[in-house]
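Trainee: Below you'll find the structure I mean.
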Amino acid sequence: MRLADHNSDLYTDPEDIISLIDERTSVVTLSHVEYSSGQRYDLSRFAKAAHSVGALLVVDATQSLGMVPIEAAKTGADAIVSSGYKWLRGTYGAAVGYISPSVRPHLYPGLLGFRSHDDIWDLQADRLTLPDDASRFEYTTIHFGAVLGLAAAVDEIYEIGPEKVWAHDIGLADKVIEGANRLGLSIVSPMSEDERSAIVSLRMPEGVSSENIARRLQDEHSILVTSRAGLLRVSPHIDNSEEEVEMLFDALEILLP
1 MRLADHNSDL
11 YTDPEDIISL
21 IDERTSVVTL
31 SHVEYSSGQR
41 YDLSRFAKAA
51 HSVGALLVVD
61 ATQSLGMVPI
71 EAAKTGADAI
81 VSSGYKWLRG
91 TYGAAVGYIS
101 PSVRPHLYPG
111 LLGFRSHDDI
121 WDLQADRLTL
131 PDDASRFEYT
141 TIHFGAVLGL
151 AAAVDEIYEI
161 GPEKVWAHDI
171 GLADKVIEGA
181 NRLGLSIVSP
191 MSEDERSAIV
201 SLRMPEGVSS
211 ENIARRLQDE
221 HSILVTSRAG
231 LLRVSPHIDN
241 SEEEVEMLFD
251 ALEILLP
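Numbering-wise (full-length UniProt numbering), the sequence shown opens with residue 1 and increments by one.
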């Protein structure tokens, strides 16, 4: 296994990842959006690099799906997976996955159960015919409550429109950047249009703990942000407003020295 490194701002040059891909590579895997910095990768670029040596591209979209519009087939990725409880706004116990039709017939499930059969009511144990679609990987009973909740959340995103959600989230991220600049806080997240996301990570002043600030924001101001990798991570989404972003920086102005 080979890993690409990042710099002091948690930025990984995409070319550093691509340079590790060669004829020995079987699978290239990466997070579409990095959880700590919000850096977003061009999936089609990595798909071309992986496929050029016969490798597969497997993507973790947990930190992007529900925020960034993704047309799975157009990315060129062979598999995309995402938990349901992040930007999709579902709950624990449900996730989504995509497996490209080009590789699906060649993949055999690592676990088998009664739902692995193309007819789940055919209970004879001496045969197993896998479905042609991705349901061949759904080997047992699912968490129906979590799935229903996730389905409702996904429906809501599509009722609004994925592109509108993306525009809203990036607009709020712009407000976060404005607030950070007003307070003189360093922004670690990429700013370029082709690499940014709605995750904006801020470096606290020297000697100030991001973990302590995140806790005080929640306890004293009812504002929920997170501390990740020593940074204050702000991740506005469709449930948030510009007024709430302003509340965050008003609170930070009080808490920071």
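All C-beta atoms in this analysis are idealised placements derived from N, C-alpha and C, irrespective of residue type, glycine included.
So, using beta-carbon positions, are Thr12 and Ala55 closer together than 7 Å?
Mentor: No, they are not a contact pair.
Trainee: Return the CA-CA distance between Ala153 and Gly207, expressed in angstroms with no decimal places.
Mentor: Cα-Cα distance, rounded: 40 Å.
Trainee: So, with DSSP's three-state summary, where would you put Asp60?
Mentor: If DSSP states are grouped into helix, strand and coil, Asp60 belongs with the strands.
Trainee: Suppose the cutoff is 8 Å on Cβ atoms and the five residues either side in sequence are ignored; what does the same chain contact list for Leu88 look like?
Mentor: Cβ within range, chain order: Leu65, Gly66, Ser82, Val96, Leu150, Ala153, Val154, Ile157.
Trainee: What residue range is occupied by the uninterrupted alpha helix (DSSP H) comprising Thr129?
Mentor: Note, Thr129: premise wrong, no alpha helix (DSSP H); not H, not E.
Trainee: Does the distance from the C-beta atom of residue 259 to that of Gly230 stay below 7 Å?
Mentor: Residue coverage of the chain in this structure runs from 1 to 257, which leaves residue 259 outside it and unanswerable.
Trainee: Just to confirm the assignment, what range does the beta strand (DSSP E) spanning Ala79 have?
Mentor: From DSSP, the beta strand (DSSP E) with Ala79 extends over 79 to 83.
Trainee: Going by DSSP, which residues form a beta bridge with Tyr35?
Mentor: Its beta-bridge partners do not exist; DSSP assigns none.
Trainee: Is Val176 helix, strand or coil when you go by DSSP?
Mentor: Of the three classes helix, strand and coil, the one that applies to Val176 here is helix, per DSSP.
Trainee: By DSSP, does Ser209 sit in helix, in strand, or in coil?
Mentor: Correct three-state label for Ser209: coil.
Trainee: Expressed to the nearest angstrom, what Euclidean distance is found between the alpha-carbon atoms of Arg196 and Asp42?
Mentor: Those two C-alpha atoms are separated by around 11 Å.
Trainee: Helix, strand or coil: how does DSSP classify Tyr108 here?
Mentor: In the structure shown, Tyr108 sits in coil (DSSP, three-state: anything other than H, G, I, E or B).
Trainee: Quick check on the burial criterion: 16 or more other C-beta atoms within 10 angstroms. Buried or exposed for Glu242?
Mentor: With fewer than 16 other Cβ atoms within 10 Å, it is exposed.
Trainee: Of the choices Ile120, Asn212, Gly76, whose alpha-carbon is the least far from that of Arg228?
Mentor: That would be Asn212, whose Cα lies nearest to the Cα of Arg228.
Trainee: Please check the pair Leu256 and Pro205, which I expect to be a contact at CB under 8 Å, by giving their CB distance rounded to whole angstroms.
Mentor: Rounded, the Cβ-Cβ distance is 6 Å, consistent with contact.
Trainee: For Leu231, report the span of its beta strand (DSSP E) as first-last.
Mentor: Segment 231 to 234, the beta strand (DSSP E) holding Leu231.
Trainee: With burial defined as no fewer than 16 other Cβ atoms inside 10 Å of the residue's Cβ, what is the status of Phe144: buried or exposed?
Mentor: It counts as exposed.
Trainee: Starting from Gly149, trace the alpha helix (DSSP H) in both directions and tell me its first and last residue.
Mentor: That run of the alpha helix (DSSP H) goes 144 to 160.
Trainee: Please tell me whether Ile80 and Ala73 are closer than 7 Å, where the distance is taken between their beta carbons.
Mentor: For Ile80 and Ala73, no; Cβs fall outside 7 Å.
Trainee: Counting along the chain, where does the beta strand (DSSP E) carrying Leu202 start and finish?
Mentor: Taken as a continuous stretch (DSSP letters only), the beta strand (DSSP E) holding Leu202 covers 200 to 203.
Trainee: With a cut-off of 8 Å on the beta carbons, I'd call Leu107 and Gly76 a contact; round off their distance for me.
Mentor: Between Gly76 and Leu107 the Cβ distance is about 17 Å, and since that is not below 8 Å, they are no contact.
Trainee: Please state if the CB of Arg136 and the CB of Leu128 are separated by a distance shorter than 7 Å.
Mentor: Result no, Cβ atoms of Leu128 and Arg136 do not sit closer than 7 Å.
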